[in-house]
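Asks: Sequence positions in the sequence shown follow the working numbering and run 83 to 343.
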Amino acid sequence: MTETILVHRAEGVTTITLNRPDKLNCFNGPMHDEVRAAIATAATDGTRCLVLTGAGKGFCAGQDLADRVRAPGAPPPDLGASLDARYNPLIRALKSLEMPVICAVNGIAAGAGANLALACDIVVAARSASFVQSFCKVGLIPDSGGTWTLPHLVGMARATALQMLGDKVSAEQAEAWGMIWKCVGDDDLMTTVHDMARHLAAQPTRGLALTKKALAASAAHSLDAQLDLERDLQAQAGRTKDYREGVAAFMEKRVPKFEGR
Numbered sequence: 083m084t085e086t087i088l089v090h091r092a093e094g095v096t097t098i099t100l101n102r103p104d105k106l107n108c109f110n111g112p113m114h115d116e117v118r119a120a121i122a123t124a125a126t127d128g129t130r131c132l133v134l135t136g137a138g139k140g141f142c143a144g145q146d147l148a149d150r151v152r153a154p155g156a157p158p159p160d161l162g163a164s165l166d167a168r169y170n171p172l173i174r175a176l177k178s179l180e181m182p183v184i185c186a187v188n189g190i191a192a193g194a195g196a197n198l199a200l201a202c203d204i205v206v207a208a209r210s211a212s213f214v215q216s217f218c219k220v221g222l223i224p225d226s227g228g229t230w231t232l233p234h235l236v237g238m239a240r241a242t243a244l245q246m247l248g249d250k251v252s253a254e255q256a257e258a259w260g261m262i263w264k265c266v267g268d269d270d271l272m273t274t275v276h277d278m279a280r281h282l283a284a285q286p287t288r289g290l291a292l293t294k295k296a297l298a299a300s301a302a303h304s305l306d307a308q309l310d311l312e313r314d315l316q317a318q319a320g321r322t323k324d325y326r327e328g329v330a331a332f333m334e335k336r337v338p339k340f341e342g343r
């Protein structure tokens with residue numbers, strides 16, 4: 083049986099490639115299990131940057147609806163239980179991973195696939211890629227964090243229209259709206275992302291992880307609460323080996339050699 087994902091590790095970077103190209107990399111049970119396991123491994127094996135991308139022409143078209151088909155007369159699937167068991171833990175795992183996560187969107191990102199991409203820390207998309215909140219087309223609400231992430235990225239007016247109309251957003255439009263970091267030529271996508279990943283993997287990983295934690299908390303905090311959090315996280319950052327190395331390298335006018343500690 084074909085592996086549902088491919089995993090490659092080199093130079094401190096783990097790349098997870100969704101590998102059901104004939105299904106536009108739609109999620110089924112085995113893919114969920116394999117992605118979650120690969121993320122858990124990356125959290126403990128010395129990886130300092132994670133890249134998520136897709137094989138073939140699409141990034142991820144969301145849920146494989148063939149997994150949801152029931153025999154006539156059978157009760158409908160419990161989609162809330164599916165979110166609790168599958169999608170919500172996946173989004174939480176990416177958000178809490180103590181390293182940068184880059185998504186290389188190589189093609190269509192639809193439904194949960196779009197919101198999976200947008201849950202990553204930095205999103206780079208090929209010019210031919212697109213994003214669509216397709217839930218409304220089958221009578222569902224956006225999930226996988228979409229009703230939280232999209233309004234924070236593009237504002238409530240655009241998020242509401244995108245999620246109620248299901249309009250497709252091109253990679254160029256997504257960049258213009260601030261939905262993603264960058265749109266690049268199709269042939270440049272993986273080179274751009276891997277160069278960025280290698281750069282991040284050589285940076286002070288603990289400091290980047292604490293930055294990620296601060297940014298995640300900011301939406302729910304008052305300014306006073308965020309200032310207190312910055313104080314506490316900066317105290318942690320100031321005790322890292324990488325901070326000492328960064329200061330020493332600055333004083334000695336040399337390139338720092340960070341170890342991610």
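Beta carbons: idealized from backbone N, C-alpha and C, even for Gly. Predicted model, so just to flag it, every value in this text is computed and none were measured.
According to DSSP, is residue 90 part of a helix, a strand, or is it coil?
Replies: Three-state result, residue 90: strand.
Asks: How many whole angstroms separate the CB atoms of residue 86 and residue 101, which I take to be in contact at a CB cut-off of 8 Å?
Replies: Their Cβ separation, rounded to whole angstroms, is 6 Å, which keeps residue 86 and residue 101 in contact under 8 Å.
Asks: Take every Cβ of the segment 323 to 332, pair it with every Cβ of the segment 287 to 296, and state whether three or more of those distances are shorter than 8 Å.
Replies: The segment 323 to 332, when compared against the segment 287 to 296, does touch it at the 8 Å Cβ threshold.
Asks: Expressed to the nearest angstrom, what Euclidean distance is found between the alpha-carbon atoms of residue 284 and residue 129?
Replies: So the alpha carbons of these two residues sit roughly 11 Å apart.
Asks: Going by DSSP, which residues form a beta bridge with residue 187?
Replies: In DSSP, residue 187 forms a bridge with 207.
Asks: What is the DSSP secondary structure of residue 304, counted as helix, strand or coil?
Replies: Three-state result, residue 304: coil.
Asks: If you check the beta carbons only, do residue 187 and residue 199 fall under 8 Å apart?
Replies: Cβ distance < 8 Å, so residue 187 and residue 199 count as in contact.
Asks: Determine the closest residue to residue 339 out of 281, 274, 243, 179, with distance taken between C-alpha atoms.
Replies: Minimum Cα distance to residue 339 is reached at 281.
Asks: How would you label residue 127, buried or exposed, when you count the other beta carbons within 10 angstroms and need 16 or more for buried?
Replies: It is exposed - the Cβ of residue 127 has fewer than 16 other Cβ atoms within 10 Å.
Asks: Indicate whether the contact test is met: 3 or more Cβ pairs, each with one atom in the segment 306 to 319 and one in the segment 218 to 236, closer than 8 Å.
Replies: No, the segment 306 to 319 is not in contact with the segment 218 to 236.
Asks: Just mark residue 83 as buried or exposed, buried being the case when its beta carbon has 16 or more other beta carbons within 10 Å.
Replies: Unreliable placement is indicated for residue 83, whose pLDDT of 44 sits below 50; the coordinate value is still reported in the next sentence. Residue 83 comes out exposed.
Asks: Does DSSP classify residue 83 as helix, strand or coil?
Replies: The predicted model places residue 83 with a pLDDT of 44, which falls under 50 and marks its position as unreliable, so this point remains unresolved.
Asks: Compare the beta carbon distance of residue 203 and residue 294 with 8 Å and say whether it is the shorter of the two.
Replies: Closer than 8 Å, so yes.
Asks: Just the Cα atoms here: how many angstroms apart are residue 163 and residue 196?
Replies: Approximately 21 Å between the Cα atoms of the pair.
Asks: Looking at the structure shown, is residue 251 part of a helix, part of a strand, or coil, going by DSSP?
Replies: Residue 251: strand per DSSP, three-state reduction.
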